[in-house]
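Heads up, the sequence shown is in this note's numbering, so the first residue is 72 and it goes up one at a time.
A virtual CB, placed ideally from N, CA and C, is assigned to each residue, including glycine.
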Amino acid sequence: MATNTLQTEITEIIFNIFCIASLYSWYTIYSMSLELFLIALTLIILIASFLFLSSLKRELENVRASVDSTKSSVATSLLDTTRDITARLERASYVIGELKKETGTFSEIGRSMKDLQDYLRSPKLRGNIGEAVLSDLICQIFPKSSYVLQYAFKSGEKVDAIIKTDAGLLSIDSKFPLENFQKIYVESNAEQVALHRRAFVRDVRQHVKAISSKYINPSEGTLDFALMYIPSESVYYEIVQSDGVMDYARSERVYPVSPSTLYAALQTILLSFEGKRIETRAKEVFTLLRSIQKDYIKVSDTFNTLGTHLTNAYNKYSEVSSGVTTLGQKLNETARLHE
Numbered sequence: 072m073a074t075n076t077l078q079t080e081i082t083e084i085i086f087n088i089f090c091i092a093s094l095y096s097w098y099t100i101y102s103m104s105l106e107l108f109l110i111a112l113t114l115i116i117l118i119a120s121f122l123f124l125s126s127l128k129r130e131l132e133n134v135r136a137s138v139d140s141t142k143s144s145v146a147t148s149l150l151d152t153t154r155d156i157t158a159r160l161e162r163a164s165y166v167i168g169e170l171k172k173e174t175g176t177f178s179e180i181g182r183s184m185k186d187l188q189d190y191l192r193s194p195k196l197r198g199n200i201g202e203a204v205l206s207d208l209i210c211q212i213f214p215k216s217s218y219v220l221q222y223a224f225k226s227g228e229k230v231d232a233i234i235k236t237d238a239g240l241l242s243i244d245s246k247f248p249l250e251n252f253q254k255i256y257v258e259s260n261a262e263q264v265a266l267h268r269r270a271f272v273r274d275v276r277q278h279v280k281a282i283s284s285k286y287i288n289p290s291e292g293t294l295d296f297a298l299m300y301i302p303s304e305s306v307y308y309e310i311v312q313s314d315g316v317m318d319y320a321r322s323e324r325v326y327p328v329s330p331s332t333l334y335a336a337l338q339t340i341l342l343s344f345e346g347k348r349i350e351t352r353a354k355e356v357f358t359l360l361r362s363i364q365k366d367y368i369k370v371s372d373t374f375n376t377l378g379t380h381l382t383n384a385y386n387k388y389s390e391v392s393s394g395v396t397t398l399g400q401k402l403n404e405t406a407r408l409h410e
């Protein structure tokens, strides 16, 4: 914009010079000599040059001011950008440091998971985990007098836990059929998956049969059914989804439960205990009320008899009192006659 203004002013100055020169040339033809004309033209050019240089100086100053302002703005922007980049780099450095820490943590978790997987490869160790979780759940819900852990039957077999109920002993045994379950989800070949799933179902049915034959024994006071505790929800749901497994378990009077469903089942049993205690208390209260009612009848009969006796005594008292009064009157009359 400044360049366009400068060009406009220069054009106007040149145009004015030529106009003045033209007018002056016509004037000198009639009244002045050529020398004076040249002097006048020189003065006009000098004045025009001065005006042009002054205008150019102003434009240069404006351009310089604009450049200085731009430099200041650019410097400020560069400073802000530098600060922002520095902050971002510091943040990135912090995040990278945290990621290194998390990577180390994940590595530790990975090693721990591997150790756990190695641990779970042993059926005995898997069983220990299931027993520990089952014991912890039972201990949290029932009083010690209501359950026994590692209960031994006469045959020598030990069930993980029994719950004492008024109807009998409820057997609960933990089973953890993990090996073939894991193979189902590791294998990618459909035929192999089907093969491992059949093996998993076979494992579960064997566990059900073992619980039914060992821990359901009404002759030793057990109920006619038992619970099979599965410590893994995913394994439990695989059992539920497997065709025929739940039906077979029911036919053997064994009911699979998971950590969540076991809790609900035990709460229901606990509520039945509370209901039984309330029922027993209610019977005791009603027995006491009937006893009080009998005592009340006895006391009422005695009280009525006492009332009858008191009424008879009062009547006799009134009769004797009337006789005494009459006798007194007669004695008084006899005394007056003697006088």
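* Skipping 5 residues on each side, what residues in its chain have a beta carbon closer than 8 Å to that of M317? -> Residue mapping note: residue 317 aligns to position 246 of the sequence shown, counting from 1. These residues qualify, in order along the chain: I310, V311, P327.
* **A73 versus T152: straight-line alpha-carbon distance, rounded** => Walking along the sequence shown from the start, residue 73 turns up at place 2. Walking along the sequence shown from the start, residue 152 turns up at place 81. At A73 the pLDDT is 48, less than 50, meaning the model places this residue with poor confidence and gives no usable figure here.
* To do: Taking 8 Å as the threshold, find out whether the segment 200-210 comes into contact with the segment 241-248 through three or more Cβ pairs.
  => The segment 200-210 is in contact with the segment 241-248.
* If R324 and A281 are in contact, beta carbons under 8 Å, what's the gap, nearest whole angstrom? -> In the sequence shown, residue 324 corresponds to position 253, counting from 1. In the sequence shown, residue 281 corresponds to position 210, counting from 1. Not really, about 13 Å apart at Cβ, beyond 8 Å.
* To do: Would you kindly work out how many angstroms separate the C-alpha atoms of S392 and Q400, rounded to a whole number?
  => As a first step, residue 392 is located in the sequence shown; it is residue number 321 there, counting from the start. As a first step, residue 400 is located in the sequence shown; it is residue number 329 there, counting from the start. The alpha-carbon atoms of S392 and Q400 are separated by roughly 12 Å.
* To do: Would you mind reading off the limits of the beta strand (DSSP E) that contains L249?
  => By one-based count along the sequence shown, residue 249 stands at place 178. It is not in any beta strand (DSSP E) - L249 carries neither H nor E in the DSSP assignment.
* Where does A261 land, buried or exposed, given buried means 16+ other C-beta within 10 angstroms? -> The residue labelled residue 261 in the question sits at position 190 within the sequence shown. So A261 counts as exposed.
* **With 16 other Cβ atoms within 10 Å as the buried cut-off, status of N386** => By one-based count along the sequence shown, residue 386 stands at place 315. Its Cβ having fewer than 16 others within 10 Å, N386 is exposed.
* Spell out the partners DSSP gives I234 in its beta bridges. => Here residue 234 refers to the residue found at position 163 of the sequence shown. As DSSP reads the structure, I234 sits in a beta bridge with Y218, L241.
* Supposed contact pair H267 and K254 - C-beta distance, whole angstroms, cut 8 Å -> Within the sequence shown, the letter at position 183 stands for residue 254. Within the sequence shown, the letter at position 196 stands for residue 267. The Cβ separation is near 4 Å, so the contact holds.
* Check whether the Cβ of P214 lies closer than 8 Å to any Cβ atom in chain B. => Absent from the structure: chain B. Only one protein chain is present.
* Give the DSSP-derived three-state secondary structure of K229 in the structure shown. => Along the sequence shown, read from residue 1 onward, the residue named residue 229 stands at position 158. K229: strand per DSSP, three-state reduction.
* To do: May I have the straight-line CA-CA distance separating S164 from V138, to the nearest angstrom?
  => Walking along the sequence shown from the start, residue 164 turns up at place 93. Walking along the sequence shown from the start, residue 138 turns up at place 67. Those two C-alpha atoms are separated by around 38 Å.
* To do: Sort out for me which residues DSSP pairs L62 with in a bridge.
  => In the structure as shown, the chain begins at 72 and stops at 410. Residue 62 is therefore absent and cannot be evaluated.
* Can you name, in chain order, every residue of its own chain whose Cβ lies under 8 Å from the Cβ of Y319, other than the five neighbours on each side? -> Position 248 of the sequence shown, counting from 1, holds the residue named residue 319. By the criterion of a C-beta distance shorter than 8 Å, Y319 is surrounded in its chain by R276, V279, once the five residues flanking it on both sides are discounted.
* Using beta-carbon positions only, say whether L333 and Y300 come within less than 8 Å of one another. => The residue labelled residue 333 in the question sits at position 262 within the sequence shown. The residue labelled residue 300 in the question sits at position 229 within the sequence shown. Cβ atoms of L333 and Y300: closer than 8 Å.
* Asked: From V230 to K369, what distance separates their C-alpha atoms?
  -> Here residue 230 refers to the residue found at position 159 of the sequence shown. Here residue 369 refers to the residue found at position 298 of the sequence shown. If I take the Cα positions, the gap works out to 56 Å.
* S283 - containing alpha helix (DSSP H), residue span -> The residue given as residue 283 occupies position 212 in the sequence shown. Note, S283: alpha helix (DSSP H), 261-286.
* Through-space distance from L170 to S226, alpha-carbon basis -> For the purposes of this step, residue 226 is taken as the residue at position 155 of the sequence shown. For the purposes of this step, residue 170 is taken as the residue at position 99 of the sequence shown. Cα-Cα distance, rounded: 58 Å.
* Asked: From L240 to R273, what distance separates their C-alpha atoms?
  -> Residue 240 sits at position 169 when you count from the first residue of the sequence shown. Residue 273 sits at position 202 when you count from the first residue of the sequence shown. Each residue's Cα considered, the two are about 28 Å apart.
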